[in-house]
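Protein chains in written order, with our numbering: chain A, 4 to 488; chain B, 43 to 353. C-beta: ideal position from N, C-alpha, C; glycine also.
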Amino acid sequence: MSIDWNTYQSGDFYDELIGAPGQARKPARQLLDYLKTLSEQEYADRKKAAELTIQEMGVSFTIYAEGGNIDRAWPFDIIPRVIDKDQWDQTAAGLKQRLKALNMFIDDLYHEQRVLKDGIIPEFIIKDSKNYLPECEGVSPIYGTWAHICGTDLVRDGDGIFYVLEDNLRVPSGVSYMLENRSIMKRVLPEVFEEIDIAPIGDYTAQLFDMLSALSPRPEETPVIVVLTPGIYNSAYFEHAFLAQQMGVELVEGSDMVVQDDNCVYMKTISGLERVDVIYRRIDDVFLDPEVFNKESTLGVAGLMRAWRAGNVAIANAPGAGVADDKVIYAYVPALIKYYLDEEAILPNVETFLCFDDEERAYVLANLDKLVVKPANESGGYGMLVGPHSTKKEREQFAKLIEANPRNYIGQPTLALSTAPAIIDKFGLEPRHLDLRPFILQSKNTYVTTGGLTRVAMKRGSLVVNSSQGGGSKDTWIVTSEAKE
Amino acid sequence: MLSKVAERVYWTARYLERVESTARMISIYDQLLFDLPRSVKLSWYNLIRINNQEEAFNAIYTVLDERNVVKFMLSEASNSFSVASSLKAIRENVRTTRDVVPKDTWEMTNELSIFVQENLLQGVNRSKRHEFLETIIKGCQQILGLVYGSMPHDDAWHLLRIGRNIERADMTTRNLEAGISAILDMEDELAVINSHQIIWGKVLRSLNADHAYRRTKRVAVKDFPVAEYLLEDDEFPRSIRYNLNAIANSARELPHSADLEVALNRITKSLPVKQNGQLFLDASFKEHLNQIQIELAELHGLIYQAWFPKI
Numbered sequence: 004m005s006i007d008w009n010t011y012q013s014g015d016f017y018d019e020l021i022g023a024p025g026q027a028r029k030p031a032r033q034l035l036d037y038l039k040t041l042s043e044q045e046y047a048d049r050k051k052a053a054e055l056t057i058q059e060m061g062v063s064f065t066i067y068a069e070g071g072n073i074d075r076a077w078p079f080d081i082i083p084r085v086i087d088k089d090q091w092d093q094t095a096a097g098l099k100q101r102l103k104a105l106n107m108f109i110d111d112l113y114h115e116q117r118v119l120k121d122g123i124i125p126e127f128i129i130k131d132s133k134n135y136l137p138e139c140e141g142v143s144p145i146y147g148t149w150a151h152i153c154g155t156d157l158v159r160d161g162d163g164i165f166y167v168l169e170d171n172l173r174v175p176s177g178v179s180y181m182l183e184n185r186s187i188m189k190r191v192l193p194e195v196f197e198e199i200d201i202a203p204i205g206d207y208t209a210q211l212f213d214m215l216s217a218l219s220p221r222p223e224e225t226p227v228i229v230v231l232t233p234g235i236y237n238s239a240y241f242e243h244a245f246l247a248q249q250m251g252v253e254l255v256e257g258s259d260m261v262v263q264d265d266n267c268v269y270m271k272t273i274s275g276l277e278r279v280d281v282i283y284r285r286i287d288d289v290f291l292d293p294e295v296f297n298k299e300s301t302l303g304v305a306g307l308m309r310a311w312r313a314g315n316v317a318i319a320n321a322p323g324a325g326v327a328d329d330k331v332i333y334a335y336v337p338a339l340i341k342y343y344l345d346e347e348a349i350l351p352n353v354e355t356f357l358c359f360d361d362e363e364r365a366y367v368l369a370n371l372d373k374l375v376v377k378p379a380n381e382s383g384g385y386g387m388l389v390g391p392h393s394t395k396k397e398r399e400q401f402a403k404l405i406e407a408n409p410r411n412y413i414g415q416p417t418l419a420l421s422t423a424p425a426i427i428d429k430f431g432l433e434p435r436h437l438d439l440r441p442f443i444l445q446s447k448n449t450y451v452t453t454g455g456l457t458r459v460a461m462k463r464g465s466l467v468v469n470s471s472q473g474g475g476s477k478d479t480w481i482v483t484s485e486a487k488e
Numbered sequence: 043m044l045s046k047v048a049e050r051v052y053w054t055a056r057y058l059e060r061v062e063s064t065a066r067m068i069s070i071y072d073q074l075l076f077d078l079p080r081s082v083k084l085s086w087y088n089l090i091r092i093n094n095q096e097e098a099f100n101a102i103y104t105v106l107d108e109r110n111v112v113k114f115m116l117s118e119a120s121n122s123f124s125v126a127s128s129l130k131a132i133r134e135n136v137r138t139t140r141d142v143v144p145k146d147t148w149e150m151t152n153e154l155s156i157f158v159q160e161n162l163l164q165g166v167n168r169s170k171r172h173e174f175l176e177t178i179i180k181g182c183q184q185i186l187g188l189v190y191g192s193m194p195h196d197d198a199w200h201l202l203r204i205g206r207n208i209e210r211a212d213m214t215t216r217n218l219e220a221g222i223s224a225i226l227d228m229e230d231e232l233a234v235i236n237s238h239q240i241i242w243g244k245v246l247r248s249l250n251a252d253h254a255y256r257r258t259k260r261v262a263v264k265d266f267p268v269a270e271y272l273l274e275d276d277e278f279p280r281s282i283r284y285n286l287n288a289i290a291n292s293a294r295e296l297p298h299s300a301d302l303e304v305a306l307n308r309i310t311k312s313l314p315v316k317q318n319g320q321l322f323l324d325a326s327f328k329e330h331l332n333q334i335q336i337e338l339a340e341l342h343g344l345i346y347q348a349w350f351p352k353i
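Written out as structure tokens, the structure reads:
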């Protein structure tokens, strides 16, 4: 028996694949034609095959649970999400524009601070930012780039327009899953790749390697690049190992490296010490260097900041780049684009209320049941209040938190996140909310992934897409729609 | 190459070899028991003894029977030599060295781990044990074949080779020990004479050496030539001399290997087994094997000193 696509309903939400009952949106037409030929049994078989493939490929993420760390198989839905190429090209241009402005902003903050003097951003926001690192003042990374790798979260609201939800400029993860999702799809649904023109995504790791190479302080030599991981207990360890392998560079932990009196970084090899030129670090700022930041840190390398300040090693992302990864700064990004580039922002922000402003705070406090409240400096979806799904007690708690530290909170309207059909055990096809995280690289050149990682909230009605909290994922296709209507 | 990666690659090879040898040992023991005269009381517990694991085993089990021994060797989590533990260690090590081993190593390791986890019970029960063990052995050989077929002979390859060969040498001493122990344990002289060929034949089988032995030695399966072959043959890949030569050849390709070469020369010279005019090997042979095992442990220490992270 085949699945009846006419009964699939996404309600008031914008659905990525289905426009009207039984009708595919333009870029998804070929996909839907194909999906309609599959029987219910075939869906079940393919789903099973995908699960097996994921186990064999060892695609996993680590979660912290009581009693230790558990390695979980990567949750994946076999129905892809399709985006029209024209729309994507426009979006990619917006992402490049955004990262360019953000890097100019960070560079300005650690040098002249024109943006504060000109009153574009109130000074206290930077002064109170825990991600602003005075140790970085006066340092000039090559190309003026501080955030070399950015994972920007995009969402589609009910109107079908892409909005930027947040910029992740510290250690964004997920790109390995984007690449593995495509490999899984090619094994599980090989025949669709023969029929549909799907843009390839596989050049990311080559682009990442080129971007990192361009940072080397010794451009005349073959650069020695390493990926610095906190170790196997980190939730993204799979990705660290994956990227190191794909780029053919060393995967190191802090204890594998040492900074000597010449202010250069070396790694410990079987032949002795070997100089390191570029560090793609996947640990947070505060753990980078126990000489400067957290004294207890065993994840970093003592003296790393000395070496970086002396220009003897490049660190991506640069220390201190996280200052722009603050949800209060986020609200100013359109203004920053105007200020630094004299352009209008191509991608819109989600409307944001800043709690340090008396009027806006009053609005947030009066509408806690309708808004999403987020702390300015958390990631992974932690510490937020989703108003419509909250209890009275939680709202009272958040009201107190906001009043105690208004600088640290923002409010946003609860978005009607778009949906796409997913195969759910026992229920068949059901709409599930999703977002999209493309990855942007910037050093000598700028690059945007073709599409990105689509994350799906696998629980019915849920808006939380984080894999640590029950989220799954889908392959993301950028497709050239046929000219004919 | 990073010292830490070097250490993990070395252990990957050792554990991989250990899984294969353990699977082989169990499958051969199974057959050995069928062939021996009923008067010979050969116990499964010997497998625990030759691996020096009495203490660990006795801490968990009181009954020294087949089921418990096989369980201990295949699935016991607290036994770091068990097939399940070794595979877990391989997976952890490959996971952290994916950048230096062939790409498919990771996937093959996962496949083998999944198979073992899902079918452990088959190994414990006798009826399907053979098939289960065969699949494990083939899985190990598949990974080894991948490494041989597609890995450049770089530092990582040499460390894999060193790990594999030191583990093999150790396992060969243990197999020989199993043979001599079985014979020394028999009190009835007639039973010894009758069982002689069976026991040494199984020692050869368990190292996959029976065919090669016949072609090289061209004599019947007897204790002395078997011992000589497994200790001193230059060409058989599980003979101890061969293993030591392989380690020496790879060590020479790596930095800081001078101490190691000295030790390897010394051990190689001490290998020959002395025939003291008697018909059979005696208890002194067991001593000889123990001495080799101690030397191999020292060799392992030198490998650590030369290449692995200093604490």
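Point to revise | Neighbouring residues, chain A, relative to B:M43 (Cβ below 7 Å) | key: T272 and I273
**Study point:** Rounded separation between A:V353 and A:V142 - CA only
**Key:** 33 Å
Check your understanding: Using a Cβ-Cβ cut-off of 8 Å (strictly less than) and excluding sequence neighbours within five positions of A:V416, which residues of its own chain qualify?
Key -> Checking the sequence, you will find Pro at residue 416 of chain A rather than Val. Excluding sequence neighbours, A:P416 sits near V353, E354, K373, L374 and V375.
Practice item. Mind listing the chain B neighbours of A:A244? Cutoff is C-beta to C-beta under 8 Å, in chain order. Key: R137, T138, R140 and D141
Practice item. Would you kindly work out how many angstroms separate the C-alpha atoms of A:E183 and B:P144, rounded to a whole number? Key: 17 Å
Practice item. Compare the C-beta of A:A95 against all C-beta atoms of chain B and say whether one is closer than 7 Å. Key: no
Review point. If we call anything under 7 Å between Cβ atoms a contact, is A:I413 one with A:A104?
Key: no
Review point. Going along the chain, which residues of its own chain have a beta-carbon closer than 7 Å to the beta-carbon of A:F245, five neighbours each way excluded?
Key: S179
Check your understanding: So which residues of chain A does B:N236 contact, with C-beta pairs closer than 8 Å?
Key -> The premise fails here: B:N236 is roughly 49 Å from chain A at the closest Cβ pair, so nothing lies under 8 Å.
Check your understanding: Hey, does A:G122 have any beta-carbon neighbour from chain B nearer than 7 Å?
Key -> no
Review point. Does A:Q248 have its Cβ less than 7 Å from a Cβ in chain B?
Key: yes
Practice item. Examine chain A for any beta-carbon lying closer than 7 Å to the beta-carbon of B:W349, and answer yes or no. Key: yes
Review point. What does DSSP give as the partner residues of A:V178 in its beta bridges?
Key: Bridge partners of A:V178: none, in fact.
Point to revise | A:V255: contacting residues in chain B (beta-carbon distance under 7 Å) | key: L44
Practice item. Please classify B:V112: does DSSP put it in a helix, a strand, or coil? Key: helix
Review point. Would you say A:G61 faces chain B, with C-beta separation under 7 Å as the test?
Key: yes
Check your understanding: Is it right to say A:G476 is buried, meaning 16 or more other beta carbons lie within 10 angstroms of its own, or is it exposed?
Key -> The identity of residue 476 of chain A in the sequence shown is Ser, whereas the question assumes Gly. Looking at its Cβ environment, which holds 16 or more other Cβ atoms inside 10 Å, A:S476 is buried.
**Study point:** Opposing strand residues paired with A:N469 [DSSP bridges]
**Key:** Bridge partners of A:N469: none, in fact.
Practice item. Taking A:M107 as part of the alpha helix (DSSP H), name the residues at either end of that continuous run. Key: K88 to L112
Check your understanding: In terms of alpha-carbon separation, which member of B:F278, B:L344 and B:Q335 lies closest to B:A305?
Key -> B:L344
Check your understanding: In angstroms, rounded to a whole number, what distance separates the CA positions of B:R109 and B:R133?
Key -> 27 Å
Point to revise | Contacts that A:D259 makes with chain B (C-beta to C-beta distance below 7 Å) | key: L44 and K46
Review point. A:C139 by DSSP, collapsed to three states: which one?
Key: helix
Point to revise | Through-space distance from A:W8 to A:K487, alpha-carbon basis | key: Bear in mind that the predicted position of A:K487 carries a pLDDT of just 45, short of 50, making it unreliable; the figure below should be weighed with that in mind. Distance between the alpha carbons of A:K487 and A:W8 is about 23 Å.
Review point. Taking the C-alpha atoms as reference points, what is the distance between B:K170 and B:Q164?
Key: 5 Å
**Study point:** Beta-carbon contacts of B:K352 that lie in its chain and below 6 Å, excluding the five residues immediately before and after
**Key:** none
Exercise for review: Could you give the DSSP three-state label for A:D80: helix, strand or coil?
Suggested key: strand
Practice item. Kindly say whether B:P297, judged by its beta-carbon, lies nearer than 7 Å to any beta-carbon of chain A. Key: yes
Exercise for review: Verify the CB distance criterion: does B:W53 have a CB-CB separation below 7 Å to chain A?
Suggested key: no
Check your understanding: Anyone know if the C-beta pair for A:K29 and A:T483 falls short of 7 Å?
Key -> no
Review point. In its own chain, which residues sit with a C-beta less than 6 Å from the C-beta of A:E242, not counting the 5 before and 5 after it?
Key: S176 and S179
Practice item. Report yes if the CB atom of B:L286 is closer than 7 Å to the CB atom of B:T310, and no otherwise. Key: yes
Point to revise | Beta-carbon gap between B:A65 and B:L162 smaller than 7 Å | key: no
Practice item. Might you give, ordered along the chain, the residues of its own chain that have their beta carbon closer than 8 Å to the beta carbon of A:R410, omitting 5 neighbours on each side? Key: F127, I128, D131, V331, C358, F359 and A379
Check your understanding: So, does the CB of B:N161 fall closer than 7 Å to a CB anywhere in chain A?
Key -> no
Practice item. Could you work out which residues of chain A lie near B:D197, taking near to mean beta carbons separated by less than 7 Å? Key: I273
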